[in-house]
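Notes follow the structure.
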Amino acid sequence: MSSQTDWQEIVVPEKLMNHMAEGLRASQEGRDAKDTPIFQEILSHLGAQRSVVDIGAGVGRFTVPLAEHGCTVWAVEPSELMRAHLQEAVAIKELESAVHTLPGMWPDVEVSAAEVALAAFVIHFSPRPREFVRAMEAAATERCVVAIHVDPMFSGINDLWRVFHPDRMAPQPPVFRDLYPLLLEEGIVADVHVYEEPRNGGFWRDPAKALEGLAELLQIETDVEREQLAVLLRERIEKQGGAFSFAPQASRIAVVSWQPRMT
Ligand SMILES: C[S@@+](CC[C@H](N)C(=O)[O-])C[C@H]1O[C@@H](n2cnc3c(N)ncnc32)[C@H](O)[C@@H]1O
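Numbering (this note's numbering), first residue to last: 38 to 300.
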């Protein structure tokens with residue numbers, strides 16, 4: 038198996054992980070994961086065992102409703118903070134017997150095969166997407182399901198990035214157009230369904246948290262730059278009438294789904 042690196046590794050600092058967890062929890066309030074085409078795709082490919090491996094389970098947006106739908110879920114999650122949120126959500130719903138939490142990074146985690154391998158909004162973090170995908174195929178007997186953004190995720194901060202780093206491009210996590218050619222090269226012709234998520238301010242609803250999170254994203258290191266960012270932020274919040282969003286104009290999601298090839 039090659040260990041070729043196709044994508045730049047995205048390491049989320051624990052501080053941002055907190056924002057991410059809050060964002061995921063907030064998005065649960067906005068739209069129930071059960072109502073998404075991702076969830077429907079998983080349900081439609083379950084077999085008699087109703088087993089799923091949820092790679093990068095986060096706070097359990099999919100793990101918990103899947104367990105409520107009678108599935109056994111192996112939830113792979115490297116972040117201790119995310120696992121704490123996940124375990125709390127599982128305990129509240131008394132689903133401990135259906136959910137097995139596995140700490141670690143895909144594809145370096147061993148799991149026994151499940152019917153469906155799900156990776157929702159996680160493959161873009163991996164520098165080794167080919168190995169990631171091959172390990173999904175090895176872990177699934179019926180279906181592999183990947184959800185990935187179509188629209189560049191951080192395009193809303195490009196202008197701010199240019200203020201602080203005029204000499205280099207903003208890092209952009211891989212999106213659908215980066216994934217699909219790579220699947221084709223691997224010999225996988227996947228079904229794709231694209232849907233639109235309602236635009237939500239997500240993570241950055243609270244200006245104080247926005248400042249902290251943006252400073253991380255923009256790789257700001259000095260107090261002078263942080264002060265400059267605070268001023269720019271205030272201006273933007275005023276312009277946007279108090280509402281605050283750096284999310285891209287459109288947020289389309291691709292549900293990429295295929296039958297795993299037997300190895
Ligand atoms: C944006 S969240 C998505 C969480 C969940 N799938 C959802 O849709 O709500 C991405 C999660 O993937 C985890 N993650 C990042 N790299 C990973 C890897 N290589 N293997 C497994 N999980 C990973 C992060 O810790 C984080 O919890």
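C-beta: ideal position from N, C-alpha, C; glycine also.
For residue i, which three-state DSSP category applies?
i	result
Glu258	coil
Ser81	helix
Val268	helix
Thr138	strand
Val226	coil
Asp72	helix
Leu132	coil
Just to check, is the beta-carbon of residue i closer than 7 Å to a non-hydrogen atom of ligand 1?
i	result
Gly250	no
Phe76	no
Pro115	yes
Ser163	yes
Leu92	The sequence shown places Ile at residue 92, rather than the Leu named in the question. Ile92 Cβ: within cutoff of ligand 1.
Asp157	Residue identity check: residue 157 is Ala in the sequence provided, not Asp. The answer is yes for Ala157.
Gly95	yes
Arg167	no
Phe213	no
Leu53	no
Met173	no
Leu61	yes
Phe143	Residue identity differs from the one stated: residue 143 is Trp in this sequence, not Phe. For ligand 1, at least one heavy atom lies less than 7 Å from the Cβ of Trp143.
Phe99	yes
Met57	yes
Met299	no
Met206	no
Met190	no
I need the boundaries of the beta strand (DSSP E) containing residue i, first residue and last residue.
i	result
His13	Nothing about residue 13 can be reported from this structure: the residues present for the chain run from 38 to 300 only.
Ala177	177-186
Thr109	109-113
Val101	That residue, Val101, is in no beta strand (DSSP E); its alpha helix (DSSP H) goes 100-105.
Residue i CB to nearest chain B CB: under 8 Å?
i	result
Glu272	Structure shown: chain B not included; a single protein chain is present.
Would you report the Cα separation of residue i and residue j, rounded to the nearest angstrom?
i	j	result
Gly238	His56	With a pLDDT of 49 at Gly238, under the threshold of 50, the predicted position of this residue should be treated as unreliable, though the coordinate-derived value follows. Answer to the nearest angstrom: the Cα atoms are 12 Å apart.
Leu270	Gln209	21 Å
Pro140	Pro115	5 Å
Ala135	Pro102	11 Å
Val170	His161	12 Å
Arg263	Phe191	19 Å
Asp260	Ile225	48 Å
Ala104	Gln265	46 Å
Glu147	Val127	22 Å
Glu272	Glu249	16 Å
Leu219	Asp69	31 Å
Pro244	Ile92	31 Å
Arg62	Gly95	10 Å
Arg214	Val187	7 Å
Phe158	Ile75	11 Å
Glu222	Gln77	27 Å
Val183	Tyr217	11 Å
I'd like the span of the alpha helix (DSSP H) that includes residue i, first residue to last.
i	result
Asp215	213-222
Trp143	First-last for Trp143: undefined, no H or E at that position.
Trp198	195-201
Glu46	Taken as a continuous stretch (DSSP letters only), Glu46 belongs to no alpha helix (DSSP H), as it is neither H nor E.
> Do the segment 144-158 and the segment 97-113 make contact, defined as three or more Cβ pairs closer than 8 Å?
Replying inline: Three or more Cβ pairs drawn from the segment 144-158 and the segment 97-113 lie within less than 8 Å of each other, which places the two stretches in contact.
> Counting pairs of Cβ atoms below 8 Å between the segment 289-298 and the segment 223-235, do you hit three or more?
Replying inline: yes
> Counting Cβ pairs, one atom from each stretch, are 3 or more of them under 8 Å apart for the segment 172-179 and the segment 200-215?
Replying inline: no
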